[in-house]
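Notes follow once the structure below has been shown.
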Amino acid sequence: MQTKTALIVGAGVGGMAAAWWLLKKGWHPLVVEKAPELRTDGYMLGLSGPGYTIAGEMGLMPALRARHRPIHENVYFGRDGRELWRAKYQELLGHQDWITLSRTDLVEVLHDALPDDLDLRFGTTVTGIEEDEAGVTATLSDGSNCRADLLIAADGMHSTIRRMAFGEDSDFIRPLGYRFAAFQMQDDLALGHDFLSFAEPGRMTEIYSLSDGRLATLYAWKTDDQSRVPATSRRDCLRAAYTGAHETALHYIDALPSDDALFFDNLELVEMPSWSTGRIVLLGDAAHCLTLISGQGAGMAITSAKVLADELSKNTVEDALTGHEQRLRPAIIQLQERSRKIAPLFIPSTPRAFAIRNFVMRHAPKRLLGWYLARSIRTEALSAAAALEPTA
Numbered sequence: 001m002q003t004k005t006a007l008i009v010g011a012g013v014g015g016m017a018a019a020w021w022l023l024k025k026g027w028h029p030l031v032v033e034k035a036p037e038l039r040t041d042g043y044m045l046g047l048s049g050p051g052y053t054i055a056g057e058m059g060l061m062p063a064l065r066a067r068h069r070p071i072h073e074n075v076y077f078g079r080d081g082r083e084l085w086r087a088k089y090q091e092l093l094g095h096q097d098w099i100t101l102s103r104t105d106l107v108e109v110l111h112d113a114l115p116d117d118l119d120l121r122f123g124t125t126v127t128g129i130e131e132d133e134a135g136v137t138a139t140l141s142d143g144s145n146c147r148a149d150l151l152i153a154a155d156g157m158h159s160t161i162r163r164m165a166f167g168e169d170s171d172f173i174r175p176l177g178y179r180f181a182a183f184q185m186q187d188d189l190a191l192g193h194d195f196l197s198f199a200e201p202g203r204m205t206e207i208y209s210l211s212d213g214r215l216a217t218l219y220a221w222k223t224d225d226q227s228r229v230p231a232t233s234r235r236d237c238l239r240a241a242y243t244g245a246h247e248t249a250l251h252y253i254d255a256l257p258s259d260d261a262l263f264f265d266n267l268e269l270v271e272m273p274s275w276s277t278g279r280i281v282l283l284g285d286a287a288h289c290l291t292l293i294s295g296q297g298a299g300m301a302i303t304s305a306k307v308l309a310d311e312l313s314k315n316t317v318e319d320a321l322t323g324h325e326q327r328l329r330p331a332i333i334q335l336q337e338r339s340r341k342i343a344p345l346f347i348p349s350t351p352r353a354f355a356i357r358n359f360v361m362r363h364a365p366k367r368l369l370g371w372y373l374a375r376s377i378r379t380e381a382l383s384a385a386a387a388l389e390p391t392a
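Position 172 (the sequence shown) corresponds to 172 in the UniProt record's numbering; numbering is contiguous.
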């Protein structure tokens, strides 16, 4: 039997996981990535639920644990610098399977798990697609053509393949009304905490301590402007959004060496009526971006890759794409709805909402708050785990 070929566009979490699982199922993957090398930007993430389970099946746990950034305690401050709450994560999560690491670490671990002879082409994009009943012919930016049985678009929320095969971003992207920025740098203030949060009406700053004397930051703020910000203007946009913010939050913005070190985007969902057309399928954020506040974006990209490979191993391509979507979509709908609901809690946009949230954090029994946090994480994991159940 002739080996089937998949052209995977995007060398992020979903693309690397798809390559691994397709190889395991006997397919030949070719991966193209527009960046000149693996991306090193991104934010901290938690891997739990089915993503965690599947990473274990892939034999990745030793490498992931070596890059785990444990969070023992989150110290939470209000606008005036007063401490609101300390969350002891290890106590709250109990025996919940959970790993905290950067997106860069996760992508590198996935990449390192792939064979050295994987056909991975950096600095390469798809410039044209021609499809027929038997497969897809893609024209690449180097002038070559690639014939594949399946094209997998794992090229992110602003997917080029989605625009080429499905329609414009505005047809599928649903803004939540926030922007975020993330970067890593040296911890020159020696903050001395695993995880610090600074909050005020309409904006939130999170600072994670890394084990190598560096830190990772996440800035998120409310905004009505959902336009795309040019790369050269992103640091200025972030600085303007944080005028008058806590001095610690401002310090790291001012210390940012260049715009190139900044991961910057709008907080948006991607909602598609269908994730596939013919022999083209969207994977991960390209199909169903959950936003970083869902807690399951990376995990669901890994889950999607495995489910797709499982379906391809026992069905025709057409039936596999249908089965993949049937298994995943119910969980995605739940997680996206949850993102909509918790965004206003994550970043209260008005002084009144902010004051109410802070009052609850100050005065609610710590055991109750801990129970709520642990329950939220378990709810995310359970919603995502439903995707692993095969359809009838």
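Each residue gets a CB set at the ideal place from its N, CA and C atoms; glycine is no exception.
Query	Result
Continuous alpha helix (DSSP H) stretch holding Met44: start and end	Not the alpha helix (DSSP H): Met44 falls in the beta strand (DSSP E), residues Met44 to Leu47.
Spatially closest choice to Leu218 from Asp212, Phe195 and Leu106, by CA coordinates	Phe195
Spatial neighbours of Gly135 in its chain, beta-carbon cut-off 7 Å, leaving aside the 5 residues before and after	Arg147, Ala148, Asp149 and Arg279
Which listed residue (His251, Trp221, Val9 and Ser159) has its alpha carbon closest to that of Phe264	Trp221
Between the CA atoms of Ile253 and Ser349 - distance to the nearest angstrom	21 Å
Local conformation of Ile71 per DSSP, three classes	coil
Rounded C-alpha distance that separates Leu84 from Ser197	10 Å
Where Ser233 sits in the DSSP three-state scheme	helix
Same chain, Cβ closer than 7 Å to Val317, five either side skipped, listed in chain order	Asp149, Leu150 and Arg279
C-beta atoms of Val69 and Leu45 nearer than 8 Å	Correcting the residue type first, residue 69 is Arg in the shown sequence and not Val. Cβ atoms of Arg69 and Leu45: not closer than 8 Å.
The stretch 267 to 278 touching the stretch 155 to 167, judged by at least three CB pairs closer than 8 Å	yes
Coarse secondary structure for Gln226, derived from DSSP in three states	coil
Of the listed residues Gly295, His72 and Thr322, nearest to Gln334 (C-alpha basis)	Gly295
Three-state secondary structure (DSSP) of Asp132	strand
Proximal residues to Trp98 (C-beta, below 8 Å), its chain only, five neighbours per side dropped	Gly46, Leu47, Ser48, Tyr52 and Ile377
Straight-line gap, Ile342 to Ile54 (C-alpha atoms, nearest Å)	26 Å
Supposed contact pair Gly177 and Asp285 - C-beta distance, whole angstroms, cut 8 Å	That pair is no contact at about 19 Å.
Cβ contact check for the stretch 182 to 189 and the stretch 226 to 233: 3 or more pairs under 8 Å	no
For Ala113, the first and last residue of its enclosing alpha helix (DSSP H)	Taken as a continuous stretch (DSSP letters only), Ala113 belongs to no alpha helix (DSSP H), as it is neither H nor E.
Helix, strand or coil at Trp20 according to DSSP, with G and I counted as helix	helix
DSSP-derived helix/strand/coil call for Asp105	helix
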